[in-house]
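Numbering (the working numbering), first residue to last: 28 to 318.
For glycine and all other residues, C-beta sits at the position ideal for the given N, C-alpha and C.
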Ligand SMILES: C[S@@+](CC[C@H](N)C(=O)[O-])C[C@H]1O[C@@H](n2cnc3c(N)ncnc32)[C@H](O)[C@@H]1O
């Protein structure tokens, strides 16, 4: 039997021979140019394995052919596959929970002082656990007080954004949601025979999901935000890209607003526009103010 291109998708084993150094360099260059992600040389095995899966799914037999597809991919969908292959979307509800304790306190303080409008940005929201944790925190902090509240949640990956937008999670993913919150903020639904927890519509309506690539500066977003979460994403970028991002965050934050980064990330030495409140929490200074 003659094996056609599509049929090769059914065969076992790698879809192509090992990636050459030149091919790896071409993938690194493309990824960096389009997303700012710095792909380390030691990721070759991972890239090979993941790209191999794509080759098989597309009935392709060489890394070069796939590279050409990526170069001419106007929709950006194939690039998303590559990004998902080399970066991690790992996240969970109330990850680095001191940030949510901080947010709850600051929102309580602001609203008691008369603030009745809040804008929060979850930059690199992955599958939605971060923006929904923000929504749950605001819900608890506001305790029924009237406040015009909106959360913008962005990511480059359309795959994770679709999951986030659906707002449905298996029970195992809710292990870090306190029981009381789970009861108030989720409802059980059955989808294709699977029992899932769905974020309640009133919380979901607070969150607006959009695709945004950190590399594409200036960000097409209207500020000003009270709080920006950008956690566990800057680790993928080199310092100049991180500095450009931090400049954008400073531009889009209100003076007195806060930027929250991952615990393994820091802004120290990168910007004069922020004051360290505690590691990973930074306050946007007023223009002319010094830290
Ligand atoms: C590890 S997740 C972080 C999720 C969440 N912020 C947290 O801390 O749990 C990193 C996210 O960054 C996104 N990402 C990677 N490169 C990006 C880029 N150039 N622009 C926007 N998002 C990007 C990935 O798609 C991924 O969802």
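Alpha carbon to alpha carbon, what distance is there between residue j and residue i?
| i | j | result |
| --- | --- | --- |
| residue 304 | residue 310 | 7 Å |
| residue 87 | residue 111 | 19 Å |
| residue 266 | residue 63 | 10 Å |
| residue 73 | residue 66 | 11 Å |
| residue 246 | residue 172 | 32 Å |
| residue 287 | residue 198 | 27 Å |
| residue 91 | residue 79 | 12 Å |
Should residue i be listed as close to ligand 1, given that the test is whether its C-beta is under 7 Å from any heavy atom?
| i | result |
| --- | --- |
| residue 237 | no |
| residue 260 | yes |
| residue 271 | no |
| residue 242 | yes |
| residue 196 | no |
| residue 118 | yes |
| residue 183 | yes |
| residue 309 | no |
| residue 255 | no |
| residue 151 | yes |
| residue 218 | no |
| residue 138 | no |
| residue 64 | yes |
| residue 275 | no |
| residue 54 | no |
| residue 263 | yes |
| residue 147 | no |
| residue 110 | yes |
| residue 92 | no |
Pick helix, strand or coil for residue i, following the three-state DSSP scheme.
| i | result |
| --- | --- |
| residue 214 | strand |
| residue 284 | strand |
| residue 309 | strand |
| residue 121 | coil |
| residue 222 | strand |
| residue 40 | Summary for residue 40: the model assigns pLDDT 48, below 50, so the residue's position carries little reliability; its value from the coordinates is reported in the next sentence. Coil. |
| residue 260 | coil |
| residue 139 | helix |
| residue 183 | coil |
| residue 242 | coil |
| residue 302 | strand |
| residue 318 | coil |
| residue 79 | helix |
Measuring alpha carbon to alpha carbon, tell me which of the options ends up nearest residue i.
| i | options | result |
| --- | --- | --- |
| residue 229 | 159, 50 and 149 | 159 |
| residue 178 | 149, 189 and 170 | 149 |
| residue 282 | 317, 80, 156 and 96 | 317 |
| residue 285 | 189, 107 and 300 | 300 |
| residue 170 | 250, 184 and 139 | 139 |
| residue 256 | 80, 279, 50 and 52 | 279 |
| residue 264 | 114, 121, 249 and 100 | 114 |
| residue 235 | 164, 132 and 192 | 192 |
| residue 133 | 290, 253 and 273 | 253 |
Would you verify that the beta carbon of residue i is, or is not, closer than 8 Å to some beta carbon of chain C?
| i | result |
| --- | --- |
| residue 274 | Judged by its chain identifiers, the structure shown contains no chain C, having just a single protein chain. |
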